[in-house]
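Novice: After the structure tokens below, expect a handful of questions from me.
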Amino acid sequence: MSRVTPVIASNPAGYSVMRHTSLGEDQHCGPFIPPNHSSRPIRSLPTELISRIFQLGVDVNFHENVQDPKTKVSQARDEPRQIALGNVDDRGVVGDEGSIRMGVDERTEDVNLADDVEHIGRPSSDVYLLQPFLILVSHVCQHWRNLAISTPSLWTSVSISPISYQHLATFLTRSKCLPLDIRIRLGSHDHGVRRKIESSTLPMADTKLLFSLLVVHVDRWRSIDVGAVSNQQMHAFLEAVCDSTVTAAPQLVSLALSASDDRAFRSLIAASSFTPFGGSIPSLESVFLGRVLVDWNQGWICAASRLTTLQLWGHSDNMSPSWDELATILRGAPALECLVLDGSGPPGAPPNLVPIADSIPIQLVKLKRLSLASLSEVCVCGLLRMLYMPAVRSLYIAFLWKSHTEFFACATAPPPISALSSIEEPPRSLLHGIETIEVMSPFYGTEDVECLYDELDNVTSLVISMDDFWWENSGCAFVLPLLPRAVEEDDGAVRLRLPRLKTLSVIYATTDIHLLVIRYLVQWRRAAGFPIRSVDVRSTCELEEEDAAWFVANLETFAFSRLDAGE
Numbered sequence: 001m002s003r004v005t006p007v008i009a010s011n012p013a014g015y016s017v018m019r020h021t022s023l024g025e026d027q028h029c030g031p032f033i034p035p036n037h038s039s040r041p042i043r044s045l046p047t048e049l050i051s052r053i054f055q056l057g058v059d060v061n062f063h064e065n066v067q068d069p070k071t072k073v074s075q076a077r078d079e080p081r082q083i084a085l086g087n088v089d090d091r092g093v094v095g096d097e098g099s100i101r102m103g104v105d106e107r108t109e110d111v112n113l114a115d116d117v118e119h120i121g122r123p124s125s126d127v128y129l130l131q132p133f134l135i136l137v138s139h140v141c142q143h144w145r146n147l148a149i150s151t152p153s154l155w156t157s158v159s160i161s162p163i164s165y166q167h168l169a170t171f172l173t174r175s176k177c178l179p180l181d182i183r184i185r186l187g188s189h190d191h192g193v194r195r196k197i198e199s200s201t202l203p204m205a206d207t208k209l210l211f212s213l214l215v216v217h218v219d220r221w222r223s224i225d226v227g228a229v230s231n232q233q234m235h236a237f238l239e240a241v242c243d244s245t246v247t248a249a250p251q252l253v254s255l256a257l258s259a260s261d262d263r264a265f266r267s268l269i270a271a272s273s274f275t276p277f278g279g280s281i282p283s284l285e286s287v288f289l290g291r292v293l294v295d296w297n298q299g300w301i302c303a304a305s306r307l308t309t310l311q312l313w314g315h316s317d318n319m320s321p322s323w324d325e326l327a328t329i330l331r332g333a334p335a336l337e338c339l340v341l342d343g344s345g346p347p348g349a350p351p352n353l354v355p356i357a358d359s360i361p362i363q364l365v366k367l368k369r370l371s372l373a374s375l376s377e378v379c380v381c382g383l384l385r386m387l388y389m390p391a392v393r394s395l396y397i398a399f400l401w402k403s404h405t406e407f408f409a410c411a412t413a414p415p416p417i418s419a420l421s422s423i424e425e426p427p428r429s430l431l432h433g434i435e436t437i438e439v440m441s442p443f444y445g446t447e448d449v450e451c452l453y454d455e456l457d458n459v460t461s462l463v464i465s466m467d468d469f470w471w472e473n474s475g476c477a478f479v480l481p482l483l484p485r486a487v488e489e490d491d492g493a494v495r496l497r498l499p500r501l502k503t504l505s506v507i508y509a510t511t512d513i514h515l516l517v518i519r520y521l522v523q524w525r526r527a528a529g530f531p532i533r534s535v536d537v538r539s540t541c542e543l544e545e546e547d548a549a550w551f552v553a554n555l556e557t558f559a560f561s562r563l564d565a566g567e
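Numbering (the UniProt record's numbering) for the sequence shown: 1 to 567.
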């Protein structure tokens, strides 16, 4: 059996064409080793172009793994080809320090990793392969290896878990003086079956050693994202960045610190006595704190004038910022564009629950995205009364309240005009300008849903997301009010809620009835002249072929995902 291999050739007209040549079995070679007697067009590519290709691959690799850090060696075993880390000469011939191997070592059932300076880690099912692209391209041939090693920008994104001292030192050295994006996971964050944390967690001595190596380069940090599975690990990081020798983080733009949500580590990190980076983070734009406590009165967070994103998650009442502290933080962040409070809100009611006519709300005129979840109604209403957010276009709400009356009153009421006399345009309610809304709150009956929809005239995208229990009880209550309704007026017009709605996403529809209701909704809104153009359904039930064909024929875009029960 011969193998057909594409070969690039040039024609007289000056453009490239593809022709195929047949190679016998005796000429077969692996994808990483060029044939003995063939030209290698890639050698003619400019070095700058190859470097750019490498850079794009590294960037995509890094950002993909930031979103889904569960690419593991155990998953890599299923790949058709794997390459051991070793030095290879320009023709792909094995050097003295390693060898090219395809597949896995059958004795260990792990990817065979040579003991090279870029080794990813000890072969283990808990080792994450977070930089496979960079590792592979630097071990294809000597030319690529030299190019990769001599390009500092390829080594500025450090994302390995669990990380080794030697690996980190290699990245820090090869990245020269460029800014660093660092992502560290100090153990397994898998949900589901409980694991022994010790099996995938670095010893504390090694953890502290890594941090001591990192803080030497703190002046180069552009972003730092640390996920810990124990309070001791996060405490060690905070000790490192709060050391007296660390006086500032001049280039740090993004700070993300989180503790695992494993039941064994429910308690919060107590860090109010720490002053990270000497209290000086002048370039800070994004802060995410998950179950990590800081001193909310320190200037680096309460006077962060460049802050555009603030996310607080999982703080209990005694660890959340107080009303005064949160107000100070928000007043000090006039450029804020995204505010997320998930289970982290000021305890109790604000000092002035009922706004005074002369009181001046905090003006977040650049805020575009607001996300409020797992907060009390008193807290949410206090926030809405305290803030003026005319530019919010995206809203996410997830509450478990029995009544939303007070919430609607606050979300639909404009701030006092006298308090905003300096603003040229008349103040509008929060819901008036919303264009995208995601609802995870179970509403008891259609009345609350109708009250919500009546205020959302500008919404173009609606996401309804809730678990199977709430879908069974109130799922249709979210869909039925979107149907056209005749209004008994002199003009005999037809009124629609959400008249600009174009995209509908329904997550966790649990029965065929919900799919039929969605189909009915699409049909009637199109007939009324207000068509929905895109529908995305994620359901635990099956989609019949006839329904699928109908959705495809009547929508510009239709997507359906089958969810497992309990997912």
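Built from N, CA and C at the ideal position, the CB exists for glycine as well.
What residue does the alpha helix (DSSP H) around Phe211 start on, and which one ends it?
Specialist: It spans 204-215 - the alpha helix (DSSP H) in which Phe211 sits, taken as one unbroken run.
Novice: For Leu515, count neighbouring C-beta atoms within 10 Å of its own C-beta (all shown protein chains included) and say buried if the count is 16 or more, exposed if not.
Specialist: Under this definition Leu515 is a buried residue.
Novice: Apart from the five residues just before and just after Glu438, which ones in its own chain have a Cβ nearer than 7 Å to its Cβ?
Specialist: Only Tyr396, Val463, Ser465 meet the Cβ criterion.
Novice: Please state whether DSSP places Val240 in a helix, a strand or coil.
Specialist: Before going on, a small fix: residue 240 reads as Ala here, not Val. Ala240 falls in the helix class under three-state DSSP.
Novice: Express the C-alpha separation of Leu330 and Leu336 in angstroms, rounding to a whole number.
Specialist: Approximately 8 Å between the Cα atoms of the pair.
Novice: Excluding five sequence neighbours on each side, which residues of the same chain lie with their C-beta closer than 7 Å to the C-beta of Lys176?
Specialist: Contacts found: Pro152.
Novice: Where do the N-terminal and C-terminal ends of the alpha helix (DSSP H) with Thr151 fall, by residue?
Specialist: Looking at the DSSP string, Thr151 is not in any alpha helix (DSSP H), and its letter there is neither H nor E.
Novice: Specify the secondary structure class of Asp342 as computed by DSSP and reduced to three states.
Specialist: In this structure, Asp342 counts as strand in the three-state DSSP scheme.
Novice: Check Gly299 in the structure and name its three-state DSSP category.
Specialist: If DSSP states are grouped into helix, strand and coil, Gly299 belongs with the helices.
Novice: In three-state terms, what does DSSP make of Ala333?
Specialist: DSSP places Ala333 in coil when its eight states are reduced to three.
Novice: Which term fits Val158, buried or exposed, when burial requires 16 or more other beta carbons within 10 angstroms of its beta carbon?
Specialist: Val158 should be labelled buried.
Novice: Excluding the five sequence neighbours on either side, which residues of its own chain have a C-beta within less than 6 Å of the C-beta of Gln75, listed in chain order?
Specialist: No answer about Gln75 holds up, because its pLDDT of 35 lies below 50 and its placement is not dependable.
Novice: For Ser230 and Leu496, I'd like the C-alpha separation in whole angstroms.
Specialist: Straight-line Cα distance between these residues: approximately 52 Å.
Novice: With distances taken Cα to Cα, identify the nearest neighbour of Leu134 among Val60, Gln232, Phe551, Leu482.
Specialist: Minimum Cα distance to Leu134 is reached at Val60.
Novice: With 16 other CB atoms within 10 Å as the buried threshold, where does Glu285 fall?
Specialist: Glu285 comes out buried.
Novice: For Asp181, name the three-state secondary structure that DSSP assigns.
Specialist: Residue state, collapsed to three classes: strand.
Novice: Under the assumption that Ile54 contacts Val137 (Cβ atoms under 8 Å), give the Cβ distance between them as a whole number of angstroms.
Specialist: For the record, residue 54 in the displayed sequence is Phe; it is not Ile. That pair is a contact at about 6 Å.
Novice: How many Å lie between Glu447 and Ser403 at the Cα?
Specialist: Their Cα atoms are separated by approximately 11 Å.
Novice: What whole-angstrom Cβ distance do Val378 and Ala349 have, given they're in contact under 8 Å?
Specialist: Their Cβ separation, rounded to whole angstroms, is 5 Å, which keeps Val378 and Ala349 in contact under 8 Å.
Novice: With which residues is Trp313 paired in a DSSP beta bridge?
Specialist: Gly290, Asp342, per the DSSP bridge assignment.
Novice: Taking Thr412 and Glu455 to be in contact with their CB atoms under 8 Å, please state how far apart those CB atoms are, rounded to whole angstroms.
Specialist: Confirmed, about 5 Å.
Novice: Over what stretch of residues does the alpha helix (DSSP H) that includes Phe408 continue unbroken?
Specialist: Segment 405-412, the alpha helix (DSSP H) holding Phe408.
Novice: Tell me, to the nearest whole angstrom, how far the beta carbon of Asp342 is from that of Trp313; I am working on the premise that it is less than 8 Å.
Specialist: So it is a contact: roughly 4 Å between Cβ atoms.
Novice: Is the Cβ-Cβ distance between Cys338 and Lys368 less than 8 Å?
Specialist: Contact flag set, yes.
Novice: In terms of residue numbering, what span does the alpha helix (DSSP H) encompassing Gly382 cover?
Specialist: Here the alpha helix (DSSP H) through Gly382 covers 377-386.
Novice: Between the C-alpha atoms of Gly92 and His143, what's the straight-line distance to the nearest angstrom?
Specialist: Summary for Gly92: the model assigns pLDDT 36, below 50, so the residue's position carries little reliability; its value from the coordinates is reported in the next sentence. Taking the straight line from one Cα to the other gives about 10 Å.
Novice: Would you please verify whether the beta carbon of Ile184 is less than 8 Å from any beta carbon of chain B?
Specialist: Included in the structure is just one protein chain, with no chain B present.
Novice: What are the start and end residues of the beta strand (DSSP E) that includes Glu438?
Specialist: It spans 436-439 - the beta strand (DSSP E) in which Glu438 sits, taken as one unbroken run.
Novice: So what does DSSP say about Gln363, is it helix, strand or coil?
Specialist: In the structure shown, Gln363 sits in a strand (DSSP, three-state: E or B).
Novice: At the level of alpha carbons, what is the spacing between Asn146 and Leu154?
Specialist: Distance between the alpha carbons of Asn146 and Leu154 is about 12 Å.
Novice: Assuming contact is defined by CB atoms lying nearer than 8 Å, are Pro179 and Thr156 in contact in what I supplied?
Specialist: Their beta carbons are under 8 Å apart, which means Pro179 touches Thr156 by this criterion.
Novice: Where do the ends of the beta strand (DSSP E) carrying Leu372 lie?
Specialist: That run of the beta strand (DSSP E) goes 369-373.
Novice: Give me the Cβ distance between Ser280 and Arg306, rounded to the nearest whole Å; I'm assuming they're in contact under 8 Å.
Specialist: The Cβ separation is near 13 Å, so there is no contact.
Novice: CB-CB under 7 Å to Ala398, same chain, minus the five flanking residues each way: which ones, in chain order?
Specialist: So the list reads Ala373, Ser374, Met440, Ser441, once near-sequence residues are dropped.
Novice: Using the rule of at least 16 other Cβ atoms within 10 Å of the residue's Cβ for burial, across every protein chain shown, is Arg500 buried or exposed?
Specialist: It counts as exposed.
Novice: Report all residues from its chain with a CB closer than 7 Å to the CB of Leu431; omit the five preceding and five following residues, and keep chain order.
Specialist: Excluding sequence neighbours, Leu431 sits near Ala411, Thr412, Glu455, Leu456.
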